[in-house]
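Every number in this note's numbering is 29 more than the matching position in the sequence shown, counting from 1.
We put the CB at the ideal spot given by N, CA and C, even for glycine.
I have placed the structure first, in the form of structure tokens, so that the comments after it can refer back to it.
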Amino acid sequence: MTQKKLLDYGESKDSIHQNIKKIDIISTDYPYLLRHIRDPPKILYALGNIKLLNEPSIAIVGTRKPSQKGKEYAKIIAEFYSKKGFVIVSGLAQGIDTLAIKTTLNNGGKVICVIPSLRNITPKKNVELANDILKDNGLLISESLDERIKKYQFVKRNRIISGLSFCVVVVESNIRGGTMHTVEYAKKQRRLIIVADLDAIGNESLKKEGFPVFRIH
């Protein structure tokens, strides 16, 4: 599926961009939880079902290169929370993000995907997955419409992933990287943090800090 066909099933790029909604921080559509973080985006750009922005949501995050056990946990966690009616919030990265999104959609759940820019869906391998999110009445959001994405934008969007959610579930993580950036934002935002019972370095560190553990029995 090409970038041109993204989300509109055949319309032009101009038509796609016309469907993007601009949500100001004072709008009633702006997510309540996100509005009250330390550095909320002044504007959100949204494509899809904006009603999801104020529904109970849980973020599922983790490494781009999960272990086999990490993959199992990602699927079980996404199924568990989506079947309980929570909107699943994630990025669009390979690995845990992708597994969480696909599992949620396969179980009839709803997804909010936070990306650096709606005008440049990355990674390209997941353009079709972004399309699937919208087909299933989900939502893509960003705080930028820049065509060129800078590295810092990936870090900044992580505060939105945690900010939208009352809880962040860490499936599998190294001690550094995007997942731990999200965890640090979640701590500052006083979000509940749950960590999967895996022996990855990041997971072990969070368990030592005393965060609740998600175990498969």
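- Secondary structure at aspartate 126: helix, using DSSP grouped into helix, strand and coil.
- In this structure, the beta-carbon distance from asparagine 232 to serine 202 falls below 8 Å.
- Taken in chain order, the complete beta strand (DSSP E) segments of 3 or more residues contained in the region 167-224 are 168-171, 196-199.
- Close CB contacts of lysine 51 within its chain, under the 7 Å cut and outside five residues either way in sequence, are with Ile72, Tyr74 (chain order).
- Under the three-state reduction of DSSP, isoleucine 106 is assigned to helix.
- Beta-bridge analysis with DSSP links valine 140 to Ile117.
- Residue burial is scored here from C-beta neighbours: threonine 57 has fewer than 16 other C-beta atoms within 10 angstroms and is therefore classed as exposed.
- Per DSSP, the continuous beta strand (DSSP E) segment holding leucine 76 begins and ends at 72-77.
- Taking a 10 Å sphere around the C-beta of valine 118, we find 16 or more other C-beta atoms and assign the residue as buried.
- With contacts defined by Cβ atoms closer than 8 Å, leucine 169 and isoleucine 162 form a contacting pair.
- With respect to the 8 Å criterion, threonine 132 and lysine 104 are classified as neighbours on the basis of their beta carbons.
- When secondary structure is reduced to three states using DSSP, aspartate 165 falls in the coil class, being assigned neither helix nor strand.
- For isoleucine 55, no alpha helix (DSSP H) segment is defined, and its DSSP state is neither H nor E.
- Cβ neighbours of glutamine 218 within its own chain (closer than 7 Å, five residues either side excluded): Ile66, Ser191, Gly192.
- Going by C-alpha positions, asparagine 48 is about 8 Å away from glycine 77.
- With fewer than 16 other CB atoms across the displayed protein chains lying within 10 angstroms of its CB, tyrosine 61 is exposed.
- When only Cα atoms are considered, proline 152 and alanine 159 end up about 10 Å apart.
- Residue pairing by DSSP puts valine 242 in a beta bridge opposite Val224.
- Where serine 86 is concerned, the enclosing beta strand (DSSP E) starts and stops at 86-90.
- Measuring C-alpha to C-alpha distances from phenylalanine 115 to each of Leu174, Val199, Asn83 identifies Asn83 as the nearest.
- The three-state reading of DSSP puts lysine 100 in helix, counting H, G and I together.
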